[in-house]
Amino acid sequence: MSSGGAQNSLLKLLDLSQCECRNEAAANSLLGLLQNQEKKTESAAVLESGNEDPQLFISVGFSVPVRLTGLRLQTPKGAVAAGEAPRRLQTDPATDEFVGHMAAERRRRSLRDRQKELPEDESLEAGLTLPLKSVRYKGVASLQVFVADNGGAPVTKISQLEVYGTPVDSLQMKDWKPLKPEESLAQNDT
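Numbering (this note's numbering), first residue to last: 7 to 196.
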């Protein structure tokens, strides 16, 4: 786990209509947090779990397929001491591909690779970037993050959730320019 690095934020590629969080408090939602981050607003917006349950199931959708390299989490000041910081989470990429029996079995075996134990110190309040293995997170349409528990409080609070990576290059047919016959012959002469 690192505290940052030169990575590309994918906030601009989020499809907010495909972003949701289960068990969020109505007043402190995922969409409110993401919209404030996108506008770079310095506000006290947080994502907070509801119903006296620390678990959160977050789904973040992208407008184009992406290759993910990192996930940055930050909690509000005092959240670690209050036990409101995420303690254990699991990430799962979702691609547009069909998941057959063999692929499902590989996913089950790689479960421990996707589970992250977070530190119990104040590094989460400063912001912590968790690396994601780009081999597993390439061509991703959405990312699911499950916050399994926190430091013992009845609610979990997150003040920043940012995903890093790059868009997957894809050929747009409108941009495709066929070679002229003389150009294709010239390439064959080499």
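Glycine included, C-beta positions come from ideal geometry on N, C-alpha and C.
If you compare alpha carbons, which of the options is closest to residue i?
i      : options                       : result
Glu128 : Pro92, Asp155, Phe152, Val161 : Pro92
Leu40  : Ser165, Asp175, Tyr170        : Ser165
Ser22  : Lys46, Phe68, Asp59           : It is Leu, not Ser, that sits at residue 22 in the sequence shown. Looking at the Cα atoms, Phe68 is the closest of the given residues.
Val169 : Pro137, Ala154, Val161, Pro82 : Pro137
With the cut-off set at 8 angstroms, would you say residue i and residue j are in Cβ contact?
i      : j      : result
Thr75  : Ser140 : yes
Asn209 : Thr172 : The requested residue 209 does not occur in the structure, where the chain is confined to residues 7 to 196.
Leu134 : Arg78  : yes
Pro205 : Gly145 : Since the displayed the chain opens at 7 and closes at 196, residue 205 lies outside it and no answer follows.
Leu53  : Glu30  : yes
Ala159 : Glu90  : yes
For residue i, name the three-state secondary structure that DSSP assigns.
i      : result
Ala147 : strand
Gln41  : helix
Ser165 : coil
Leu36  : helix
Ser140 : coil
Lys122 : strand
Leu20  : strand
Glu103 : For Glu103, the predicted structure reports a pLDDT of 47, less than 50, and the residue's modelled location is therefore unreliable. A value from the coordinates is still provided. Glu103 falls in the coil class under three-state DSSP.
Val153 : strand
Gly171 : strand
Glu58  : coil
Taking the continuous beta strand (DSSP E) assigned at residue i, which residues delimit it?
i      : result
Leu77  : 62–80
Glu131 : First-last for Glu131: 129–132, but that is the alpha helix (DSSP H), not the beta strand (DSSP E).
Glu26  : 26–28
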